[in-house]
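A.B. asks: Can you read through this structure? Questions will come right after.
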Amino acid sequence: MGCDEVGRGDNLGQGTPKKTQLLLELLLKDILPDKLTAHFHDTYGQAVANVQRAYDMGLRTLESGVAGLGGCPYALGAKGNVATEDIVYAFENFGIDTAVNPSKLAAVGDWISQQAGLPNNSRAGAALLANQKQHQATSPSMPDATSPVSNSPYVQVEREDWPGWITTITQAEGYTVSQAGSAIKIALSRPENGNAVTANVLESLTRKFQELSADPSIFDIVLAAEGRFFCTGMDLTGDSGGDMLYTEQEWIYLLDCVLSPWLFRETLPVYIHFGL
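Quick note, the sequence shown lines up with residues 156 to 431 if you use this note's numbering.
As structure tokens, then:
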């Protein structure tokens, strides 16, 4: 079927390190660890320990949510995903280099929690912020972790105007492309029709992804949109239908190619973010 990885998810958050070990011992008899991913929720407070056990057993794709965002509609008392800040703090103290700055990550978690109007469910993130605020009070020259950091476009990002992104580097039919350091933002730019895309736009975006897949300096791709809707579908009016040059399977393969240059460089992960 062309499946690259199989993810096992504990959406109920009822897993424990022992249960995680027993399941992985069974799966690893027939499946290589680099073909498995792990996804843990923290409803019962076991998520960080489960992540550690999965890592110790060879898994390297471990999903998380900044500030512990997420949930499960059918789990009573559900909490979100294991917090990215918590596992970064844990791994760094295990002696594993994550290539992530915990303080800046905590600032991102605090920012996104405020934007979403949700509590920050990261224990490590909240503690790091509290400590830095205390240091700020005693050392006024030290930057506050909740203040924008000039060399981090991720901390500076605002929902409406995205300061920190350089001037648009490409303006094509239906979308624009901006860059900040190693990050690229592709924003659909037809809000008047709900950002419905034409065949021509899809083909142009495909060429852009192919171009990005060959650029070793790009590590993050942010997909965003102008207006209220991200994308309401295909625009097949007039001549916009065109000839569809890429099948669904080819698009999946294309996205895999964009990721593939960095899949095995653990300290330099690449993420594709779907923005609202």
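The C-beta atom is built at its ideal place from N, Cα and C for all residues, glycine as well.
Below 6 angstroms CB to CB, which residues in the same chain sit around G226 once its five sequence neighbours on both sides are set aside?
C.D. replies: Residue mapping note: residue 226 aligns to position 71 of the sequence shown, counting from 1. Contacts found: A233 and G235.
A.B. asks: Rounding to the nearest angstrom, what Cα-Cα distance links I242 and F364 in this structure?
C.D. replies: Along the sequence shown, read from residue 1 onward, the residue named residue 242 stands at position 87. Along the sequence shown, read from residue 1 onward, the residue named residue 364 stands at position 209. Approximately 31 angstroms, taken between the alpha carbons.
A.B. asks: Tell me which residues share the same chain as L367 and place their Cβ nearer than 8 angstroms to its Cβ, disregarding the 5 neighbours each side in the sequence.
C.D. replies: Residue mapping note: residue 367 aligns to position 212 of the sequence shown, counting from 1. So the list reads I339, I373, I376 and V413, once near-sequence residues are dropped.
A.B. asks: If L191 and V161 are in contact, beta carbons under 8 angstroms, what's the gap, nearest whole angstrom?
C.D. replies: Within the sequence shown, numbered from 1, the residue matching residue 191 stands at position 36. Within the sequence shown, numbered from 1, the residue matching residue 161 stands at position 6. Correct: roughly 6 angstroms between the Cβ atoms.
A.B. asks: Label I341 either buried or exposed according to how many other C-beta atoms from any shown protein chain fall within 10 Å of its C-beta, with 16 as the threshold for buried.
C.D. replies: As a first step, residue 341 must be located in the sequence shown, where it is residue number 186. Label assigned to I341: buried.
A.B. asks: In angstroms with no decimal places, state the Cα-to-Cα distance between F385 and P346.
C.D. replies: By 1-based counting over the sequence shown, the position of residue 385 is 230. By 1-based counting over the sequence shown, the position of residue 346 is 191. Using only the alpha carbons, I get a separation of about 9 angstroms.
A.B. asks: Helix, strand or coil for Y244, going by three-state DSSP, please let me know.
C.D. replies: Counting from one through the sequence shown, the residue named residue 244 turns up at place 89. DSSP places Y244 in helix when its eight states are reduced to three.
A.B. asks: Three or more C-beta pairs closer than 8 angstroms, one from the stretch 239-257 and one from the stretch 165-181: is that the case here?
C.D. replies: Judged by Cβ distances under 8 angstroms, the stretch 239-257 makes no contact with the stretch 165-181, as fewer than three pairs qualify.
A.B. asks: One question on the structure: do L260 and M212 come within less than 8 angstroms of each other, judged by their Cβ atoms?
C.D. replies: Your numbering for residue 260 matches position 105 in the sequence shown. Your numbering for residue 212 matches position 57 in the sequence shown. It is not a contact, given that the beta carbons lie outside the stated cut-off.
A.B. asks: At the level of alpha carbons, what is the spacing between S333 and Q269?
C.D. replies: Stepping through the sequence shown from its first residue, residue 333 is reached at position 178. Stepping through the sequence shown from its first residue, residue 269 is reached at position 114. Between S333 and Q269, the C-alpha separation is close to 25 angstroms.
A.B. asks: Measuring alpha carbon to alpha carbon, tell me which of V206, A327, L217 and N166 ends up nearest E358.
C.D. replies: To locate residue 358, count along the sequence shown from 1; it is residue 203. Among V206, A327, L217 and N166, the Cα nearest to that of E358 belongs to A327.
A.B. asks: Spell out the partners DSSP gives Y330 in its beta bridges.
C.D. replies: Position 175 of the sequence shown, counting from 1, holds the residue named residue 330. Paired residue(s): A327 and L343.
A.B. asks: List the endpoints of the continuous beta strand (DSSP E) containing R163.
C.D. replies: The count along the sequence shown starts at 1 and reaches residue 163 at position 8. Run containing R163: V161 to D165, per the beta strand (DSSP E) assignment.
A.B. asks: Which residues in the same chain as G349 place their Cβ atom closer than 6 angstroms to its Cβ, once the five residues preceding and following it in sequence are excluded?
C.D. replies: Mapped onto the sequence shown, residue 349 falls at position 194. Hits under 6 angstroms: F384 and T387.
A.B. asks: Expressed to the nearest angstrom, what Euclidean distance is found between the alpha-carbon atoms of D165 and E218?
C.D. replies: Mapped onto the sequence shown, residue 165 falls at position 10. Mapped onto the sequence shown, residue 218 falls at position 63. For D165 and E218, the distance between alpha carbons rounds to 11 angstroms.
A.B. asks: Is I251 close to chain D? Criterion is C-beta to C-beta, closer than 8 angstroms.
C.D. replies: As a matter of chain content, chain D is missing from the structure shown, which is built from one protein chain.
A.B. asks: Quick one: Cα of L283 to Cα of L177, how far?
C.D. replies: Numbered from 1 along the sequence shown, position 128 holds the residue referred to as residue 283. Numbered from 1 along the sequence shown, position 22 holds the residue referred to as residue 177. Taking the straight line joining both Cα atoms gives about 34 angstroms.
A.B. asks: If you follow the alpha helix (DSSP H) that T192 is part of, which residue opens it and which one closes it?
C.D. replies: Walking along the sequence shown from the start, residue 192 turns up at place 37. Run containing T192: none in the alpha helix (DSSP H); it sits in the beta strand (DSSP E), L191 to F195.
A.B. asks: Hey, G264 and V206: beta-carbon distance below 8 angstroms or not?
C.D. replies: The count along the sequence shown starts at 1 and reaches residue 264 at position 109. The count along the sequence shown starts at 1 and reaches residue 206 at position 51. No. Outside cutoff.
A.B. asks: So, are the CB atoms of R163 and A202 less than 8 angstroms apart?
C.D. replies: Position 8 of the sequence shown holds residue 163. Position 47 of the sequence shown holds residue 202. Taking 8 angstroms as the Cβ cut-off, R163 and A202 do not qualify as a contacting pair.
A.B. asks: Output yes or no for whether 8 angstroms exceeds the beta carbon distance between G245 and T198.
C.D. replies: By 1-based counting over the sequence shown, the position of residue 245 is 90. By 1-based counting over the sequence shown, the position of residue 198 is 43. Residue 245 is actually Ala in this sequence, not Gly. No.
A.B. asks: Pick helix, strand or coil for I251, following the three-state DSSP scheme.
C.D. replies: Counting from one through the sequence shown, the residue named residue 251 turns up at place 96. It is coil, neither helix nor strand.
A.B. asks: Should A238 and N276 be called a contact, given that it needs their Cβ atoms to be closer than 8 angstroms?
C.D. replies: Sequence index remark: in the sequence shown, residue 238 carries index 83 (1-based). Sequence index remark: in the sequence shown, residue 276 carries index 121 (1-based). Their beta carbons are under 8 angstroms apart, which means A238 touches N276 by this criterion.
A.B. asks: Considering only residues of the same chain and omitting the five flanking positions on each side of L167, which have a CB-CB separation below 6 angstroms?
C.D. replies: As a first step, residue 167 is located in the sequence shown; it is residue number 12 there, counting from the start. Answer for L167: A230, listed in chain order.
A.B. asks: Hey, quick one: how far does the alpha helix (DSSP H) through V206 stretch, first residue to last?
C.D. replies: The residue labelled residue 206 in the question sits at position 51 within the sequence shown. Where V206 is concerned, the enclosing alpha helix (DSSP H) stretches over A202 to D211.
A.B. asks: Quick check on P257: buried or exposed, where buried means 16 or more other Cβ atoms within 10 Å of its Cβ?
C.D. replies: Taking the sequence shown and counting its residues from 1, the one referred to as residue 257 is at position 102. When all chains shown are included, P257 counts as buried.
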